[in-house]
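Peer 1: To start, I am sharing the structure in question, which I have written as C-alpha cells.
Numbering (the UniProt record's numbering), first residue to last: 1 to 465.
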C-alpha cells in the first residue's frame, strides 16, 4: 500500500522552504538553497526530486505529491516503518554471500575449538600449559559465537535478506546494546592475545632452563593475569570513548574512531613479544640442566612451534574481520573466512602436540610421533619337524703340572679310615649290660726255638722295597 501526500505548491520560495526536507548539510533549519525551482512547460517545479527512499514525485501546476513505498511514510517518505534498508538486487546477492562466508568461517573455527576442548576433557588434563591453551580457546570460542549472531545491528545480519523495497522487519539491537557487544568483543580478543603472550613466556622459561620441573607461573596466576591484564585497556576505553564504539553498520568496532587504535595497540603489544619469545625458545641452544624435565621441554618446544603459526593467523583474521564488517566488503570476508578455517586446523594440531599425554596418545594411534623402538611382537613360525640337536663342544681339560718332590721317600704309614659320617639324629643306644670283671690274662711262655728270624727280617725291609 502506497502513501500519498498532496499539497498546494506555493509560489513564495520562503514558504516552500518550510515544507521541503532538511538539507543534507544542515542539521537545524531546512534550506531552500539545496533545491532549485524551475518553471518550464512540463510543470516540473522542484529539482532534484524532494521525495526520499525511492518515493515517486507527482507534481502539477499548483500541487506536489510523494508516493511512498510500503516501508516508508511522511510528507517526503522520510520516516521508515521497518528495520530493513533499501538495497538493489545485486547488493542483496553480495551481502548474502558475505553472510554465508562469515557464518561458515565462524562455524568452522567453533567446531575446531570444541574438538580440542572435548579431547582434553576426556584426557582429564589440567596442567599449567593446558590452562593457558584453554584460555585461548574459550575466549576465541565465545567471541566467534557473538560475531555469528551480533556483529551487525540486526541479529544474524538478517538485513542482508531485505529486498529492494525494504520489506521485512528483522530483529535489531538497540544502540547501547550494540555498544556492549563491541565492548565484549574488545575484551575477549584482548584476553585471547594475553594468553598467547603468557604461552610464549612459559615456553621460553621452560625451554631455556629458567625453571626446572615447574612452570614459571601457576595455574591460578596465569588465569588472573590473562583476565586482569586485558581489563585495563578495555576499561579505560569504555570510560573515555563508550559512545564511539560502534556506528550504524557494525557492532564490532568503529574503525573511524579512536576506539580502533585502543583495540589494535594492546593486541600488537601482546603479540609482538610473544612471537619473539617463541622464536627464541625454538631456535636457541642452551646448556643442559640435569634437573630439567625432558617431557616438559619437549612440550614447550612443540608449543612454541605451533604458536609461531597461531599468533599471526589470529591477529590477521581478527583485524581483517573488523575491516570486512565495517566496510561490508566481500573480498575481505572471503580472506577472513579462509584465515579462520586455517586457524582452527592449526590450533587443533598445535595444542594437541603441545601436551605430553596427547602426544603419546597420537604416537600410539598413528605411530608417527613415537621415537621409542617397540619390540617385535610378531608371532614366531614353528616348524612341524623337530630341530636336530647339535652336540655341545667338549670343555678343554687343563693339565696341572706339579713340581717333583726330590725329598727321600718315606715309608708309607697306614692311615686310619675316615670316621663314618654321623648318623642322623637318633636316640642314643641303650648302654650294654654290666659284665662281671674278668681275671687279668696270664703271659704265655715263648719258646726261643719257635722264633722265625728270616720272616722277621723280610717283614722289616718290605716297606723299603
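In this text, a Cβ means the ideal position worked out from N, Cα and C, and glycines have one as well.
Just the C-alpha distance for residue 51 and residue 78, rounded to the nearest angstrom, thanks.
Peer 2: Roughly 8 angstroms between the two C-alpha positions.
Peer 1: Would you check if there are 3 or more beta carbon pairs closer than 8 angstroms linking the region 309-316 to the region 271-279?
Peer 2: Because the criterion of three Cβ pairs below 8 angstroms is met, the region 309-316 and the region 271-279 touch.
Peer 1: Closer than 6 angstroms by C-beta to residue 49: which residues in its own chain qualify, once you throw out the five before and the five after it? Chain order, please.
Peer 2: Same-chain partners within the cutoff: 57.
Peer 1: May I ask you to list the residues that DSSP assigns as paired with residue 80?
Peer 2: DSSP output for residue 80 lists 72 as bridge partner(s).
Peer 1: Reducing DSSP to helix, strand and coil, say where residue 139 ends up.
Peer 2: If DSSP states are grouped into helix, strand and coil, residue 139 belongs with the helices.
Peer 1: Quick check on the burial criterion: 16 or more other C-beta atoms within 10 angstroms. Buried or exposed for residue 265?
Peer 2: Exposed: under 16 other Cβ atoms inside 10 Å.
Peer 1: Rounded to a whole number of angstroms, what is the C-alpha to C-alpha distance between residue 222 and residue 165?
Peer 2: Using only the alpha carbons, I get a separation of about 53 angstroms.
Peer 1: By the three-class DSSP mapping on this structure, what secondary structure does residue 106 have?
Peer 2: Note: residue 106 maps to helix in three-state DSSP.
Peer 1: Is it buried or exposed, residue 231, if we count other Cβ atoms within 10 angstroms and call 16 or more buried?
Peer 2: Exposed, by the Cβ-count rule.
Peer 1: Return helix, strand or coil for residue 199, following the three-state DSSP convention.
Peer 2: Residue 199 falls in the helix class under three-state DSSP.
Peer 1: My assumption, with CB atoms under 8 angstroms, is that residue 267 sits in contact with residue 208. Please give the rounded CB distance.
Peer 2: No, residue 267 and residue 208 are not in contact; Cβ-Cβ is about 26 angstroms, not under 8 angstroms.
Peer 1: Could you name the residues of the same chain whose beta carbon sits closer than 7 angstroms to that of residue 33, not counting the 5 residues immediately before and after it, in chain order?
Peer 2: For residue 33, the predicted structure reports a pLDDT of 33, less than 50, and the residue's modelled location is therefore unreliable. A value from the coordinates is still provided. If we look at residue 33 and ignore the five residues flanking it on each side, it has no Cβ neighbours.
Peer 1: Helix, strand or coil for residue 154? Go by DSSP, reduced to three states.
Peer 2: Here residue 154 sits in strand by DSSP.
Peer 1: Short of 7 angstroms in beta carbon distance, which residues of its chain neighbour residue 149, apart from the five on each side in sequence? Order them along the chain.
Peer 2: So the qualifying residues of the chain are 155, 156.
Peer 1: Taking its Cβ as the centre, do 16 or more other Cβ atoms sit within 10 Å of residue 218, making it buried, or is it exposed?
Peer 2: Residue 218 is exposed by the Cβ-count criterion.
Peer 1: Go ahead and pull the three-state DSSP assignment for residue 57.
Peer 2: Residue 57 falls in the strand class under three-state DSSP.
Peer 1: Tell me the DSSP secondary structure of residue 328 in three-state form.
Peer 2: Coil, per DSSP.
Peer 1: Would DSSP call residue 337 helix, strand or coil?
Peer 2: Reduced to three states, the DSSP call for residue 337 is helix.
Peer 1: Which class does residue 237 belong to by DSSP, given the choice of helix, strand or coil?
Peer 2: Residue 237 falls in the helix class under three-state DSSP.
Peer 1: Apart from the five residues just before and just after residue 319, which ones in its own chain have a Cβ nearer than 6 angstroms to its Cβ?
Peer 2: Closer than 6 angstroms at Cβ, skipping near neighbours: no residue.
Peer 1: Return the CA-CA distance between residue 36 and residue 64, expressed in angstroms with no decimal places.
Peer 2: For residue 36, the pLDDT reaches just 33, beneath the cut-off of 50, and the residue's location in the model is therefore unreliable, leaving the point undetermined.
Peer 1: Where residue 235 and residue 133 are concerned, what is the direct C-alpha to C-alpha distance, given to the nearest angstrom?
Peer 2: Cα to Cα, residue 235 sits roughly 25 angstroms from residue 133.
Peer 1: Who are the near neighbours of residue 342 in its chain, counting only those whose CB is closer than 8 angstroms to its CB and skipping five residues on each side?
Peer 2: Excluding sequence neighbours, residue 342 sits near 313.
Peer 1: Please report how far the alpha carbon of residue 41 lies from the alpha carbon of residue 59, in whole angstroms.
Peer 2: Per-residue confidence for residue 41 stands at a pLDDT of 37, beneath the threshold of 50, marking its modelled position as unreliable; no derived number is given.
Peer 1: I want to see whether chain B comes within less than 8 angstroms of residue 294, judged by CB atoms only; does it?
Peer 2: Note that chain B does not occur in the displayed structure, where there is just one protein chain.
Peer 1: Do you know whose CA, among 114, 153, 246, 123, lies nearest residue 345's CA?
Peer 2: Nearest option by C-alpha distance: 114.
Peer 1: Which term fits residue 199, buried or exposed, when burial requires 16 or more other beta carbons within 10 angstroms of its beta carbon?
Peer 2: Residue 199 comes out buried.
Peer 1: Relative to the C-alpha of residue 140, which candidate in 162, 106, 120 has its C-alpha closest?
Peer 2: When only C-alpha atoms are compared, the closest one is 106.
Peer 1: Please state the DSSP three-state secondary structure of residue 172.
Peer 2: Reduced to three states, the DSSP call for residue 172 is strand.
Peer 1: Check whether the Cβ atoms of residue 337 and residue 102 lie closer than 8 angstroms to each other.
Peer 2: The answer is yes: Cβ separation under 8 angstroms.
Peer 1: Can you name the residues that DSSP bridges to residue 247?
Peer 2: According to DSSP, residue 247 bridges with 250.
Peer 1: Are the Cβ atoms of residue 181 and residue 173 separated by less than 8 angstroms?
Peer 2: Yes, these two residues count as a Cβ contact at 8 angstroms.
Peer 1: Once you ignore the five residues that flank residue 160 on each side, which residues in its own chain have a CB closer than 6 angstroms to its CB?
Peer 2: Excluding sequence neighbours, residue 160 sits near 95, 96, 99.
Peer 1: Can you tell me whether residue 63 is helix, strand or coil according to DSSP?
Peer 2: DSSP places residue 63 in strand when its eight states are reduced to three.
Peer 1: I need the DSSP call for residue 356, collapsed to helix, strand or coil.
Peer 2: Helix.
Peer 1: Just the C-alpha distance for residue 243 and residue 300, rounded to the nearest angstrom, thanks.
Peer 2: For residue 243 and residue 300, the distance between alpha carbons rounds to 43 angstroms.
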